[in-house]
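Read the structure below first, then the notes.
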Amino acid sequence: MNAATVSVRQLRTDFRAVKRKIEEHGQVIITDNGVPSYELKPVTPPRRAKTKKASAPDYYARLLRRQPKPMSEKATREFWDYERGNH
Numbered sequence: 085m086n087a088a089t090v091s092v093r094q095l096r097t098d099f100r101a102v103k104r105k106i107e108e109h110g111q112v113i114i115t116d117n118g119v120p121s122y123e124l125k126p127v128t129p130p131r132r133a134k135t136k137k138a139s140a141p142d143y144y145a146r147l148l149r150r151q152p153k154p155m156s157e158k159a160t161r162e163f164w165d166y167e168r169g170n171h
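If you read the sequence shown in my numbering, its first letter stands for residue 85, the second for the next number, and so on.
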């Protein structure tokens, strides 16, 4: 795996070609006035420890928890009697 070289100007004006060189060669040496100055290579993602896959949230259960509790038959009757003025 040889490192390709590109100039700062080429990096600035034609990044697509530089990206292809990185993919092809693995890394690119960037020269500034003909002097190798920088090294550009793809980032390898860090390895993650295997974790338990999170389950999808249960939106219906959440909705049921947030809704008001139903009134009992007795409480409903008392409410409507009070509203009708039969107290």
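Positions of the beta carbon are idealized from the N, C-alpha and C atoms, including for glycine.
Requested in this report: Could you name the residues of the same chain whose beta carbon sits closer than 7 Å to that of tyrosine 122, not counting the 5 residues immediately before and after it, in chain order?
Outcome: Ile114
Query raised in the report: Using a Cβ-Cβ cut-off of 6 Å (strictly less than) and excluding sequence neighbours within five positions of aspartate 116, which residues of its own chain qualify?
Result: Val92
Query raised in the report: Which partner residues does aspartate 116 have in the DSSP bridge list?
Result: Val119
Query raised in the report: DSSP puts threonine 89 in a beta bridge; with which residues?
Result: Ile113
Requested in this report: Could you round the C-beta distance between valine 112 and alanine 87 to whole angstroms and report it? I think they count as a contact, below 8 Å.
Outcome: 7 Å
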